[in-house]
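Data first, discussion second: the structure below is written as structure tokens.
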Amino acid sequence: MKKHILIYDDDPEILFLCTAILSKYNYEAQTFSRCDNIIADIEKHKPDLILMDLWIPDIGGEKTIAIVKEDKNIKTPILIFSANADIKNLTKKVNADGYIEKPFAINIFIETIQKYIG
Amino acid sequence: MVLTIRGFFFDEIPFFIKFILFFNMKNSAPQVVSSHEYPFLQGGGEMGALIRAKDWSNTPLGEPGTWPQSLCTMVSVMLDNPFGMYIAWGKEYTQIYNDGYRPILGTTKHPYALGISTRETFKEIWHIIESMFDGVMNGKPVGFPDFMLPLNRNNFVEDCYFDFSYSPIRKENGEVGGVLVTVIETTNKKRAEADLKESKDQLQFAIEAAELGTWDYNPLTNKFIGNNRLKDWFGLQHDAEIELPLALAVMAEKDRSRVEQAIQRALKYESGGLYNIEYSIINALTRQERIVSAKGRAWFGEDKKAYRFNGTLEDITDQAIARKKIEESEHRFRFILEHSLDPILILKGENMVLEIANEPLLKLWSVDKNALGKPFLEILPEMKEQGFFDMLQDVYFNDKIIKGNETPVTFIRPDGTKEIIYFNFTYQPYREENGKITGVLVIASNVTWQVEAKKQVEESEERFRSLANDMAAFVFTGDAETNVDFVNRQWLEFVGLKTEEGLGKAWVTVTHPDDVEHMSGTYEDAVSNQKPYEIEIRQLNTNGEYCWVLWKGIPRITKDGRFAGMIGVGIDITYRKKIEQALYDQQAETEKLQRLYEAVTANTPDLIYILDLDCRFTYANPALLAMWGKSWDEAIGKNLLENGYEPWHAAMHEREICEIVLTKKSIRGTVSFPHAELGKRIYDYIFAPVLNSEGNVEAIAGTTRDITDITTAEEDLLKSEQQMRAMVETAPFPIGVYIGREMIIQFANQSILNAWGKGNDVIGKSFKQILPELDNQDVFKQLDDVYTTGVPYHTKNQKIDLVIDGETKCFYFNYSFTPLTDSTGKVYGVMNTAADVTDLNLAKLAIQKSEENLRSTILQAPVAMCFFKGENFIVDLSNEKMFELWGKTANDVMHKPIFEGLPEAKDQGFEAILQGVYTTGTTFSADGVPITLPRNGGIELVYVNFVYEPYREANGIISGILAVAIDVTTQLTARKKIEEREQKFRLLADSMPQHIWTADTNGNLNYYNQSVYDYSGLTPQQIDTDGWIQIVHPDDREENIKAWIHSVNAGTDFHFEHRFRRYDGEYRWQLSRAVPQRDEEGNIQMWVGTSTDIQEIKQMDQQKDDFISIASHEMKTPLTTAKGYLELLQMQLSEENQTILLYASKANQALERLNGLVTELLDASKIQNGQLNYNISTFDFNAMLDETIENIQHTTKIHTIQKTGTAFHPVTGDKNRLQQVLINLLSNAIKYSPNADKVFIKVEEQPGKIQVSVQDFGIGLSGQHLDKIFNRYYRVQEHAIYFQGLGIGLYLSSNIIQRHDGTMWADSEPGKGSTFYFTIPIYSEQ
């Protein structure tokens, strides 16, 4: 069964690109340009991994991650997916499981994902 | 804060607090406290912030979440309470306090006190408050009004006054959990501090000038505070604390209990609190003793208990010693009076009332103590006629000293007998301490004995002379140099000379020329060998006949063995000689001669006899027979024994006869034996050989004469001299006799030897030889004058320095040099009598000395001092410093009334002050009094601190004024200059737009310029009371205080960015800097700080950072996409299409490089940390607008941009950035209205500005978002999200407009579209 990945990014181009790459590597991706309903999204799609942009309507990535992390029922690893120069510190700060820096090389992108979901 | 009103609040507060406490307890139902925030810690100002920031886990209280409910409640009440409140919780007394309490902790205790124990924070008073705290913990509340605590809260100990209430805080179970302290400081701290400091400065100055020690004793704490001088005196370190026992310990043992009693008395309310005592202190280190005068008073509270006891300590060692000396001299006078053997008395008033009299006087006058208080003449009426009363009056009225020497005074004794007593006396005026004569002091010395002794000496000499003159023989005395100095009347009559002609070598003229040589030789030999002599010479009698005279002389040896000359007795032996001659001449005619002899001898009183060689009498004349009481027959033919000679006598003569037989020479001798009728007589006898024709001794002829009378005369003479000597010897006063011009000491009695400190060996030495120290003391000259002129010399109270045991000592003598004259009136020596009056004189001198001490104190005082005498204020005494102050020389002012000598000081009010002090006796002192005085040839205004002190005589009468003055012109001028300079600084500072402030060395801010008040809208009073921290943004306060304390403690520059609340409530960023101002030694004097509004700079920095973040993000997003697709493309391309693969790879590399460049660029930009630069120019706004519209129009095929209106005025600003704003607004309008085909842009000029609006008909925005866009842009992360949705440009646009002093806003309705507006100012040409 294909692993399920949720991608949150406000840029439709990025979302399209990532979907293309992931399907190529035999992952199933669901993309969102807003993060307002993440808990519902997770419950619905039961993803294996979540990629989360930081500058995303409505409440932004940081708070969204905090909300997910507060929910003890959700064990899904969540990675920051951002062009922010300070991504490493932010990862620690928001208690995310890891990060993927934009722009990325596809091999790094895939290796990082494999690291979390095999 | 309502700190100034006390009393009322003190009574009310504990109740008020309890009420709150009660109210809160009732309403605080148990509640669940979140682990993140504690509702009970909310509120409060600085302390709220500090308490919340505090890590309580390290304190005994632990995390606030674990605090007992009652503590939580109390803390909550406390934080919002405007009154000072303080909690000490638990056994450890862990401290929590509020903003109101904070000032009590000053700068040294705050903020460190928070969370630590009271014990530690208030260790200097813990011993005072510990018991109270413990009492509260046992449930006993206490309260104190005006409680003084010597707190060390600003790096010095100060007395702080508080209304205190300590009450227990009970835990839910009723146990006492801690102490609640409510407090109101009862002094307006700032003002009190300034006033105190200033008054302390002045007081300090006065204390310094007066060289006073100060002390301040707190009876409640038993502590002393003293100034450094006091500590120096006590031998303490300057930083040492003094407790009462220590202060008592340095007191001299003898004074301790007396001082303690005085202190206890002063501390009693009834005593009025005054304290004035003198005692000695002994420096603990140097053991130096100091006599001090302590003055002070105790201050009492309403409970009549002393809460403070302070005053000064003055070193009066010098005065006290002077006073002691006076007392001693008075004591000595008393002693002398009481123990003097001489009469001493004081008569008072013109009637000469006997006020003081010693025992000898009463005895002398034959009266008892009842005589005291009676007038002189009533006691001794007989004195009037003798003139003594007149003398006393003369002394009293005319200020004279009258002395009497050996003056006879006749007393009529109670039994009517007269008694004459001789006195040496002094009548001298008796002065009170003010110099007024109130009586006569009489010191008399009964010299009757001395006078009589002298008389006796004279009489004894006289007696000797008369004895000698009455004697039947000739008598002479000669001196040690062969000169005859006395001859008796018989001799003068014999030779027919007058007294003066018979002396010296006059004997030569009456001596037979053949005998002169013999006589001279014999006499000189006898004198030089000091031996007796005997000679028979021929001397011419008054009838011109040579007579044989037998002279016998003996040396006069004084008692001490000294040879004084010869004394001799002569008898006319002419007759005997003739007989002898006849015997020899007419040997042959013995019978005839016998008869003749018989006839001759029968009538002579001399005993004449002849002995044969067997010592039998062959002849005895009638006188001999009569002496024997025998007849011729009974006696003739009998030997010596048979004629009644005693065996020794007979044996002596037999020996002599044998000798004569052998030597054929006469023998002469003297013998004493009893006469039959006359008793024991002395006889002179001559045995002469009777030679026969062969020349052999045939018989012995003897003549014997009774010389008893002559011998008695000699003995009488010796006796008289011995008697005189014995008398003089034993005289109690010094007597010495010096002979000749060399003043050879012939005689010195024990008393004079004692006075000289010499022994008996002085006899025979010259006066100069034994007392060389008298050279230059006039004594030698006095002696010489007496010797030369024969005029006696008397002196009184003469100071004589004598060397006793090698040490020069000062003595005072009354002494007399009396010439000793011989019978011719020639002075041959001097008799010295003396009385040692040293003790009396030293006493008098000591009195003089103590007065001199006062004078020398004035002259040597380190400050200007002078003494004005009398009601005309005559400058009696003044030191150099006072002359300097007056600008006068001593000649100008001395001994003149001050306003005559210093007319420049007239009419400046000093006359009245002096007059006031003189009449009322009240000391006057004033500081910084202006006075014009001569300076450098002109008149200048100077300022003086001065004191006028009435000078009282011992009887309390004011006789003058003691003035002490210090020229403080320099200090006052300096102070004025400082004030002026400060004024200038304030003017300058107040005119500056920056905030300027200063702080003292403890970091307490004490000045703010006008800008601070203008900016904050606060009054100086508000800032004074609640502190500057209220201006600081609550979020910045904690860091701010920390940084400031750090700088103040470390002395490093203060540099801090924080937000200040403006009058309108807006917080604006400020950059505050403060640098310490140091003196030459590098000690910090003060801090000068500035605070500059950096709101704009801060904002621009923020904008720049925001821009960088957003730009970075936005540029990277398309990069990511491009890069991703390129990589995907590369993956899709098969091996066969190598060329395309290469192209894709190249493109990917280029994107990598671009990504790197973007990152680098932004990093560089961040590092730069500068401002976004604006290129300001004035340009045609309308043209720029049209150009921009045209450019944007090219990018869209759907939308039409329609412009209405125009801008006529040029704009000053950054053309490119404003264009950027327009591009952004137009792009957004197009972007967010995908379903519309129009965008309107409207330009209109309004007064002073141009307004541009861009309207689209797109998706629109909610009002909530609009607010966030334009007002709260500084939260980059948060707000960038919204800008993301709207495009990055809007954020930048709004900032660019603001930077141009314009405003930007938007109207929008979701679904209907948005209108974005901005304005920019236009500046008129002029």
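So the protein sequences, as listed, match chains A and B. All residue numbers for the first sequence refer to the working numbering, where the first residue is 381 and numbers rise by one. All residue numbers for the second sequence refer to the working numbering, where the first residue is 425 and numbers rise by one. Heads up, the beta-carbon is just placed ideally off N, CA and C, and yes, glycines get one too.
- Contact check between the segment 1339-1350 of chain B and the segment 1321-1330 of chain B: fewer than three CB pairs, one atom from each, fall below 8 Å, which does not count as touching.
- By the C-beta density criterion, leucine 402/A is buried, having at least 16 other C-beta atoms within 10 angstroms.
- Of the residues Pro1286/B, Gly1311/B, Asp1316/B and Leu1283/B, the one whose Cα lies closest to the Cα of isoleucine 1298/B is Asp1316/B.
- Checking the DSSP bridge columns, you'll see glutamine 1501/B partnered with Met1510/B.
- A Cβ-Cβ contact shorter than 8 Å links isoleucine 1163/B with glutamine 1170/B.
- Taking a Cβ-Cβ cut-off of 8 Å, threonine 1514/B has no neighbours in chain A, whose nearest Cβ is about 35 Å from it.
- Ranked by Cα distance from alanine 722/B, the first of Thr1281/B, Lys692/B, Phe1291/B and Arg714/B is Lys692/B.
- In chain order, Asp640 place their CB closer than 6 Å to the CB of isoleucine 649/B, counting only its own chain and leaving out the 5 sequence neighbours on each side.
- Ranked by Cα distance from arginine 682/B, the first of Ile1654/B, Lys1220/B, Glu702/B and Pro805/B is Glu702/B.
- Using a CB distance cut-off of 8 Å, isoleucine 394/A counts as an interface residue toward chain B.
- Annotation: Cβ neighbours of phenylalanine 484/A in chain B (cutoff 8 Å, chain order): Thr1544, Lys1547 and Gly1548.
- Assigned with DSSP and collapsed to three states, isoleucine 458/A falls in strand.
- Taking 8 Å as the threshold, the shortest C-beta distance from isoleucine 401/A to chain B falls below it.
- Short of 6 Å from the beta carbon of leucine 1031/B, and not among the five residues preceding or following it, lie these beta carbons of its own chain, in chain order: Ala1047, Leu1048 and Thr1128.
- Between the segment 857-871 of chain B and the segment 770-777 of chain B, the count of Cβ pairs shorter than 8 Å is three or higher; the stretches touch.
- With a minimum length of 3 residues, the unbroken runs of beta strand (DSSP E) contained wholly in the segment 1382-1461 of chain B fall at 1382-1391, 1419-1423 and 1429-1432.
- Under the DSSP assignment, glycine 478/A falls in the beta strand (DSSP E) whose first and last residues are 478-481.
- In the DSSP annotation of this structure, glycine 1230/B is not part of any alpha helix (DSSP H), being labelled neither H nor E.
- If you ignore the 5 residues before and after alanine 1112/B, its C-beta comes within less than 6 Å of the C-beta of Ser1090 and Ala1125, all in its own chain and listed in chain order.
- Contact between isoleucine 520/B and isoleucine 593/B fails: their C-beta atoms lie close to 11 Å from each other, not under 8 Å.
- Straight through space, the alpha carbons of glutamate 1668/B and threonine 411/A are spaced by roughly 46 Å.
- Between lysine 1104/B and the set Ile1131/B, Gln914/B, Asn734/B and Leu1086/B, the nearest pair of CA atoms involves Ile1131/B.
- Residue pairing by DSSP places tyrosine 1069/B opposite no residue, since no beta bridge is assigned to it.
- Listed by position along chain A, the residues whose Cβ is nearer than 8 Å to that of lysine 1570/B form an empty set, because the closest Cβ is around 16 Å away.
- Between lysine 827/B and lysine 1223/B a beta carbon distance of about 16 Å is seen, past the 8 Å cut, so the two are scored as non-contacting.
- For alanine 673/B, the enclosing alpha helix (DSSP H) covers residues 668-673.
- A check of alpha carbon separations from lysine 824/B across Ile836/B, Arg855/B and Lys1627/B identifies Arg855/B as the nearest.
- At least one CB of chain B lies nearer than 8 Å to the CB of aspartate 391/A.
- Chain-ordered, the chain B residues with CB closer than 7 Å to the CB of asparagine 464/A read His1537.
- In chain order, Thr1544, Thr1545, Gly1548, Tyr1549 and Leu1552 make up the part of chain B whose C-beta sits under 8 Å from the C-beta of leucine 397/A.
- Membership of glutamate 684/B in the alpha helix (DSSP H) is indicated by the continuous run 677-690.
- By the Cβ criterion, the segment 793-811 of chain B is not in contact with the segment 896-903 of chain B, since fewer than three pairs of Cβ atoms, one from each stretch, lie closer than 8 Å.
- Where arginine 1105/B is concerned, the enclosing beta strand (DSSP E) starts and stops at 1103-1115.
- Under the Cβ criterion of 8 Å, threonine 1739/B is not counted among the residues facing chain A.
- The shortest CA-to-CA distance from glutamate 1373/B to any of Asn1120/B, Ile1385/B, Leu1365/B and Gly1380/B is the one to Ile1385/B.
- In this structure, tyrosine 1217/B lies near phenylalanine 1241/B, with their beta-carbon atoms less than 8 Å apart.
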